[in-house]
Amino acid sequence: MKRRKYYAMGMAVILILSLFIQGCGKKAEEVSDKSLQQTEQDAEGEETESLPDNTEELTDENTETDATEPESEADEKKPKPSKTPKPDEQDAVTEDNQEEQETKPAKPTAFPGTAYPSTAGALQVNGTQLTDENGAAVQLKGISTHGLAWFPDYVNEDCFKQFREEWNVNVIRLAMYTIEYGGYCSGGDQKALKELIHNGVSYATSLDMYVIIDWHVLTDQDPNTYKDSAKQFFAEMAEKYAGYNNVLYEICNEPNGGTSWKDIKSYAEEVIAVIRSYDEDGIIIVGTPNWSQFVDQAAVDPITGYDNIMYSLHFYAATHKESLRNTMTAAIDAGLPIFVSEYGICDASGNGGIDEKQANQWVSTMNSYGVSYVAWSLSNKAETASILNSSCNKVSGFTESDLSASGKWLYKMLTGENADIASIGQNSGGSANGQGNNGNSSAGQGNNGQGGSTGTGSSAASVTLTNGDITYTAELKNSWESDGKAFYQYELTLQNTSSVSCDKWEIDVPFSEAVTLVDGWNGDYSTADKVLHITSKDYNGSIAAGSSVKDIGFIVSGSKDMKVSE
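In terms of numbering that gives the first Met the number 0, the sequence shown has 193 at position 194, counting the first letter as 1, and numbering is strictly consecutive.
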């Protein structure tokens, strides 16, 4: 009887405990449901938060939605997604906001951070913004070499190190000319030029910097002229550097001479395909028409089918002002990723006076849009754009006295207004340039300097001529000689002498002999024997009666005796 009694008591206890446990379970389910509902509400109210770890235990409806989303399969098919969420945020990205991230141009809300390969990794293009491997906005700020064939000694580790440590430079551009004297496609030592590039990439890599390999199209005007050579060159570069996270490819520096965007795009698509056969996601920078200024044309018809493509814009602040800035910002707003792979603070010839006000406005605009920029040029060439004085024979360890006015502005801009410029080079010894003042340079041509020209100084000579209702003054601002040629830089002032306003204008500038156009700005240019024909741009064609327009200019070449005919 006692055994049965104890057995009955035990069963009663078990029954009571079972009922108690079931009640607790129901209470727990109610709490869990409330927590889940609160979590879903929080997630709807703040899109950037991740969903909790128990998302697999959601309702059947939510589970079905997750199961049918093809996120992972779609990502695997893309060469490289524009932005990949962090692992703990992957489930928080819905179909709608994933599509928005991939298609909406990204404009930074704050200044992008400084990028170094060790922390930023391989760069990518997210919308219009250059970003690090995690999608955070970054900027590259650096310096371009002059022509490697003419100024090879600046490609050394001590030089790059000083710019990295003292100037806050995080990118070096290696400019290799194609057909100028010593150019890659015009009889230059291709083996030696490629060795300079390999050394430059090696130094930049060891110093935790990014590096741009620049196919420096200029005098050849149309990149298609040496397209086969470009494809072979970039195949070799991409194969060698596909595994690097710090190498960028610039495939045509400054198309010019009337080369259309259609021609540039056709060239670019072939060269990009070659690079992508080795390097699937390296950043590729494509030049644009008219010395890389007409980015608006690329914005209307961009290259498709590839990720991580950017488009170059070049400016020289004393020549290219608000109108070109507006062109740049409009292109970015239209969705075009822009990289300013070359700029100066003087005029477009690489000479003339410095315009710090315009330069600072350019920097402010580029920073607000997150645009990366690279200054021209690391050399001691006797021109305003060089960051070193022509008397400086060092190739590293530069001090304040070695810097030109452009160099001093650049140092302060990169390091801050309160930077102590007198401290430059105090911790590094300078090495001398064995080549002397201008190295073995030659073939100088205005806008990009093009190495070691013999300047004859500026001139006050001017000629005033009339074409219909337009009277213009052509003032000779500068002239120089190089490689047996003479170069002349002119600035124009046009006046509408009629009693009514005009919507557009065109003029002919006659010369004493056949003329070759080297550069031109704020107009459309063509030549016919001894005549340079100039027509207005959309933004400067309107001239009120009796009013004038300025900031129009060009560089031409010819014999030592060439001049504008009166």
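Virtual Cβ for every residue (Gly too), placed ideally from N, Cα, C.
- Thr-326 sits buried, since 16 or more C-beta atoms from the chains shown fall within 10 Å of its C-beta.
- At the C-beta level, Ala-272 and Ile-302 stay beyond 8 Å of one another.
- The residue among Val-137, Tyr-410, Asn-252 and Val-394 with its C-alpha nearest the C-alpha of Phe-159 is Val-394.
- Looking at the backbone, the Cα of Ala-333 and that of Leu-129 are separated by about 16 Å.
- Contact check for Ala-316 and Ile-344: beta-carbon distance about 5 Å, within the 8 Å limit, so the pair qualifies.
- Met-561 sits in coil when the DSSP states are folded into three classes, being neither helix nor strand.
- In terms of CA proximity to Trp-149, Tyr-176 leads the group Asp-131, Lys-261 and Tyr-176.
- With a threshold of 16 other beta carbon atoms within 10 Å, Ser-265 falls short and is exposed.
- Within a 10 Å sphere around the beta-carbon of Glu-321 sit fewer than 16 other beta-carbons, which makes this residue exposed.
- Approximately 5 Å separates the beta-carbon atoms of Ser-311 and Ile-284; this is inside 8 Å, confirming the contact.
- Separation of Lys-562 and Asp-419 (C-alpha to C-alpha, rounded to the nearest whole angstrom) is 46 Å.
- The three-state secondary structure of His-313, taken from DSSP, is strand.
- By the neighbour-count criterion, in which a residue is buried when 16 or more other Cβ atoms sit within 10 angstroms of its Cβ, Asp-227 is exposed.
- An exposed status is given to Gly-352, since fewer than 16 other beta-carbon atoms sit within 10 Å of its beta-carbon.
- Between the beta-carbon of Ala-485 and that of Ser-556 there is about 7 Å, and that keeps the pair under the 8 Å contact cut.
- Just so you know, the alpha carbons of Met-412 and Lys-529 end up roughly 43 Å apart.
- Look at Trp-479 here: in three-state DSSP terms it is strand.
- Within the same chain, and ignoring the five residues on either side of Arg-324 in sequence, the residues whose Cβ sits closer than 6 Å to its Cβ are Thr-364.
- For Ser-276, the closest C-alpha among the options His-532, His-313 and Glu-235 is that of Glu-235.
- Excluding the 5 residues flanking it on each side, Ile-533 has same chain C-beta neighbours closer than 6 Å at Ile-506, Gly-522 and Tyr-524, in chain order.
- Annotated as proximal: Phe-162 and Val-168, with beta-carbon spacing under 8 Å.
- The C-beta of Val-299 has fewer than 16 other C-beta atoms within 10 Å across all chains shown, which makes the residue exposed.
- Look at Leu-402 here: in three-state DSSP terms it is strand.
- The beta carbon of Thr-258 sits closer than 7 Å to the beta carbons of Gln-220, Asp-221 and Pro-288 from its chain, once the five residues preceding and following it are set aside; these are given in chain order.
- Annotated as proximal: Ile-423 and Thr-398, with beta-carbon spacing under 8 Å.
- C-alpha of Thr-463 to C-alpha of Asp-152: approximately 45 Å in a straight line.
- Cβ-Cβ separation between Gly-396 and Asp-157: approximately 7 Å, consistent with a contact (criterion under 8 Å).
- Note on geometry: alpha-carbon atoms of Asn-252 and Leu-475 lie some 27 Å from one another.
- A Cβ-Cβ distance of about 22 Å is found for the pair Ala-237 and Asp-188, leaving them out of contact under the 8 Å criterion.
- Annotation for Lys-140: the continuous beta strand (DSSP E) segment containing it runs 140-144.
- According to DSSP, residue pairing for Gln-123 in a beta bridge involves Thr-130.
- Glu-512: not part of any beta strand (DSSP E); DSSP gives it neither H nor E.
- For Leu-387, the pairing in a beta bridge is given by DSSP as Leu-402.
- Residues of the same chain with a CB within less than 7 Å of the CB of Asp-131, apart from the 5 flanking positions on each side, are Ala-114, Ala-119, Gly-120, Leu-122 and Val-137 in chain order.
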